[in-house]
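Numbering (the working numbering), first residue to last: 1 to 535. Beta carbons: idealized from backbone N, C-alpha and C, even for Gly. Computed from a predicted structure; not experimentally measured.
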């Protein structure tokens, strides 16, 4: 399996000097993203050089902070709408460690499990690890495939798209093994879902968060997908299943029509096809202080915030188990929450620690959205701007309540008696602070939560204590800078989006109406106040 050496080489370059305000290539990325949908087998065709630059840049950015292996998917052999170079993050590392990188996983075994399990999930979008946090894999996928897909991917694609000639009209090749699986009626689900479960266990995934508002996706009276929560044989009973229904991409047409205002926008839970209730094990909700019984009354802002808090609490728990997030196809709602998780943890200084705001923005747009097949062209044509919502939403998660940093009540002496000030701590170099993943870190911090003082800290709120925990001193600086970092990401996104995708999304008008529409866009996303003017 190739990729172990690539991890060292692509991560060796680092920017020097004063970085530009925007990540080089972000505009090109958004231009390409808004023109065509990414497909792995088309990577070397028209626009191939641009796509190759995007892929290479992603590997380079991952390599800044991690050693990783690459699962090759060059011609879409595994999945036609997953990256051609699927990154499997193994552990955080310094540049020096990359020179002696040794894989901690049997990549050949992982690829074998992927090949065997891909039939279990809608469109072959198998369980794929995309974020590494505290040694846990945060994964994404589509939901479980139903009979409609297993017995005819071509017919399934037609029904699932409503008969439209969409990007998946040309179906991936069906292997002999796939045909053999389909011929065994009695044991079909046992086989394919058995492989899916083996892959989940290999990745140490325990928690499965299902964003579907349906128990099963139904098209023209036929169940075209299923989900773990309604598996009749209860094959997934050993996993902790969470049903957290969240509106699909169609709902975000209303978001755009309301001038990009998510406040007060409430999903209609009374629709006939909505049959999946919210279901979360009690032990996961105790510490969140959220009245989950009121979820149907939440607007889009509150619902997204509360779901994100839940996901962050799961990945930040003392449990060593990983997390899977999925919706139906895994390319709208799934990247929304994967991106928010990645950006939130980065803003705390807990992952991708060397990346600047413009760099983490590029990585998130390119890898979480573009290379995993989000259909931006189609969504823009319908006004379903879930992609834009994701990055504009960052303004709603800047506060301490969304931080994954462990905040505990101070138990002994204040920091001024410990001989260190906050500035002393924040000036420590990374090698002096210790690793985020090493139990041999020299010290950790204990902070006191102060009511009404969200985002503010005093010297008295910090003390040094000997510990073998993973917390670093840099977390204090990261928490205090969380709002600034997320604002920088959002601002960079809005600036580039408005000059590329946003301008092209509004059709020119001889009457000059385009200026008014762009002004409406600018006010809606906060680029401008209520006064009139030009964008």
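Rounded straight-line distance, which links the Cα of residue j to that of residue i
i           : j           : result
residue 445 : residue 350 : With a pLDDT of only 34 at residue 445, under 50, the local geometry of the prediction cannot be trusted, and no value is derived from it.
residue 114 : residue 387 : 27 angstroms
residue 390 : residue 336 : 6 angstroms
residue 346 : residue 121 : 29 angstroms
residue 491 : residue 483 : 12 angstroms
residue 397 : residue 361 : 16 angstroms
residue 259 : residue 342 : 27 angstroms
residue 301 : residue 380 : 21 angstroms
residue 338 : residue 322 : 13 angstroms
residue 26  : residue 188 : 44 angstroms
residue 537 : residue 229 : With the chain covering only 1 through 535, there is no way to say anything about residue 537.
residue 377 : residue 41  : 18 angstroms
residue 270 : residue 214 : 12 angstroms
residue 400 : residue 340 : 15 angstroms
residue 180 : residue 147 : Bear in mind that a pLDDT of 44 at residue 180, under 50, signals an unreliable position, so the number given afterwards is only what the model happens to contain. C-alpha separation (whole angstroms): 15 angstroms.
residue 31  : residue 333 : 22 angstroms
residue 68  : residue 272 : 45 angstroms
residue 239 : residue 320 : 14 angstroms
residue 485 : residue 132 : 20 angstroms
residue 129 : residue 261 : 32 angstroms
residue 87  : residue 352 : 14 angstroms
residue 392 : residue 502 : 13 angstroms
residue 72  : residue 82  : 10 angstroms
residue 106 : residue 90  : 11 angstroms
residue 279 : residue 212 : 12 angstroms
Element boundaries [alpha helix (DSSP H), containing residue i]
i           : result
residue 190 : 188–202
residue 493 : 482–499
residue 35  : 26–35
Assigned exposure category for residue i - 16 Cβ within 10 Å defines buried
i           : result
residue 84  : buried
residue 489 : buried
residue 210 : buried
residue 118 : buried
residue 35  : exposed
residue 145 : buried
residue 348 : buried
residue 245 : buried
residue 315 : buried
residue 419 : Residue placement at residue 419 is flagged as unreliable, the pLDDT there being 43, under the threshold of 50; a coordinate-derived value is accordingly withheld.
residue 462 : Only weak support exists for where residue 462 lies, its pLDDT of 39 falling under 50; the coordinates are left without a value.
residue 344 : buried
residue 289 : exposed
residue 65  : buried
residue 250 : exposed
residue 74  : exposed
residue 136 : buried
residue 357 : buried
residue 247 : buried
Continuous beta strand (DSSP E) stretch holding residue i: start and end
i           : result
residue 92  : 85–92
residue 69  : 66–72
residue 206 : 205–210
The ligand ATP heavy atom lying under 7 angstroms from the CB of residue i
i           : result
residue 226 : As presented, the structure is devoid of all ligands, the ligand ATP included, so that no description of it is given.
Which runs of the alpha helix (DSSP H) at least 4 residues long sit entirely within the region 228–260? Give them in chain order.
Here the runs fully enclosed are 252–257.
Quick check: the region 296–305 against the region 260–274, are at least 3 beta-carbon pairs closer than 8 angstroms?
yes
Scan the region 105–148 and note each continuous alpha helix (DSSP H) run of 4 residues or more that stays entirely inside, going in chain order.
107–117
Beta strand (DSSP E) segments (min. 3 residues) lying fully within the region 361–401:
none
In chain order, which alpha helix (DSSP H) runs of at least 4 residues are fully inside the region 272–345?
300–315
Touch check for the region 231–239 and the region 192–201: three-plus C-beta pairs under 8 angstroms?
yes
Taking 8 angstroms as the cut-off, does the region 276–291 touch the region 308–323 (at least 3 CB pairs, one atom from each stretch)?
Yes, they touch.
Using 8 angstroms as the cut-off, can you tell me whether the region 247–266 makes contact with the region 200–209, which would need three or more C-beta pairs spanning the two stretches below that distance?
With the rule of 3 Cβ pairs closer than 8 angstroms, the region 247–266 does not count as touching the region 200–209.
Is it true that the region 125–134 meets the region 324–344, where meeting means three or more beta-carbon pairs spaced less than 8 angstroms apart?
yes
Taking contact to mean 3 or more Cβ pairs, one atom from each stretch, closer than 8 angstroms, check whether the region 361–379 and the region 48–55 are in contact.
yes
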